[in-house]
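Chemist:
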Amino acid sequence: MLHDVAGGVFEHFWLKFPHCDIHLAITSDVLHQLYQGVFKHMVEWCQELIDKEELDQRLRTLPPCYGVHHFYKGWTSLGQIGGKEHKHMARVLLACLVGKVPRGVILAYHALLDFISLSQYPTHNDTTLEYMQQAIKDFHHHKEVIINLGIRDDLNIPKFHSL
276 MLHDVAGGVF EHFWLKFPHC DIHLAITSDV LHQLYQGVFK HMVEWCQELI
326 DKEELDQRLR TLPPCYGVHH FYKGWTSLGQ IGGKEHKHMA RVLLACLVGK
376 VPRGVILAYH ALLDFISLSQ YPTHNDTTLE YMQQAIKDFH HHKEVIINLG
426 IRDDLNIPKF HSL
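Take any residue in the sequence shown, count from 1 to its spot, add 275: that is its number in the numbering used here.
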């Protein structure tokens, strides 16, 4: 490997730029990072706490509300779930769980859903960043209930580590 035929990069192009922090240039993708990464796990955990039929029944019985999608057939009838569907699902998830799952699960889910919602703001200031940090702190404070209920053995999930 005298001439490095494999093509490795030994000196990154941004090293000589004095005002460049490459880590600030990398942004998360709300759809893939939060909805298909974090929220997808939350829905899977719901199905450990409530069977699919009961969750669908709770979704069907939610009263219609302006600006909130009503899942007349529940979630199990959904085929391919995109970003728009994930957003609609996140808006009604807590309403379906109240009274059926332990309070700690509600608080952990509430914190994650707050974080997901706050992360979609077009701009942030010190106050909104503090809200996001508090939401993550609240999740970490209540996440043990998910492990204690036997839903997961651990929360070593790559998408959660990057929050």
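Cβ atoms here follow ideal geometry from the backbone N, Cα and C, with glycine treated the same way.
To the nearest angstrom, how far is the alpha carbon of residue 404 from that of residue 314?
Modeler: Residue 404 and residue 314: Cα-Cα distance of roughly 20 angstroms.
Chemist: Using the beta-carbon count (16 or more within 10 Å), is residue 321 buried or exposed?
Modeler: Buried, since its Cβ has 16 or more Cβ neighbours within 10 Å.
Chemist: Measure how close the beta-carbons of residue 386 and residue 410 come, nearest whole angstrom, since I'm counting them as under 8 angstroms.
Modeler: Indeed, because the Cβ distance is near 5 angstroms, the residues count as touching under 8 angstroms.
Chemist: Buried or exposed for residue 399, going by 16 or more other Cβ atoms inside 10 Å?
Modeler: So residue 399 counts as exposed.
Chemist: Out of curiosity, what's the CA-to-CA distance linking residue 289 and residue 300?
Modeler: Roughly 11 angstroms between the two C-alpha positions.
Chemist: Identify whether residue 376 lies in helix, strand or coil by the three-state DSSP scheme.
Modeler: Residue state, collapsed to three classes: coil.
Chemist: Reducing DSSP to helix, strand and coil, say where residue 340 ends up.
Modeler: The answer is strand: DSSP assigns residue 340 an E or B state.
Chemist: Quick one: what's got a C-beta closer than 8 angstroms to residue 384's C-beta in the same chain, skipping five residues either side?
Modeler: Excluding residues within five positions, the ones whose Cβ falls inside 8 angstroms are 317, 368, 369, 372.
Chemist: Go to residue 414, then tell me how far its alpha helix (DSSP H) extends in each direction, as first and last residue.
Modeler: That run of the alpha helix (DSSP H) goes 401–417.
Chemist: Starting from the Cα of residue 366, find the closest Cα among 382, 339, 416, 343 and give me that residue.
Modeler: Ranking 382, 339, 416, 343 by Cα distance to residue 366 puts 343 first.
Chemist: Can you tell which of 402, 392, 380, 396 has the C-alpha that lies nearest to the C-alpha of residue 425?
Modeler: With distances taken between Cα atoms, residue 425 lies closest to 380.
Chemist: Which runs of the alpha helix (DSSP H) fall wholly inside the region 312–338 and span at least 4 residues, in chain order?
Modeler: Runs found: 315–324, 327–336.
Chemist: Is the distance from the Cβ of residue 396 to the Cβ of residue 361 below 8 angstroms?
Modeler: In this structure, residue 361 does not lie closer than 8 angstroms to residue 396 by Cβ.
Chemist: How about residue 331 and residue 354: do their beta carbons lie closer than 8 angstroms?
Modeler: Not a contact, by the Cβ cut-off of 8 angstroms.
Chemist: To the nearest angstrom, report how far apart residue 420 and residue 376 are at their CA atoms.
Modeler: One C-alpha to the other measures close to 11 angstroms.
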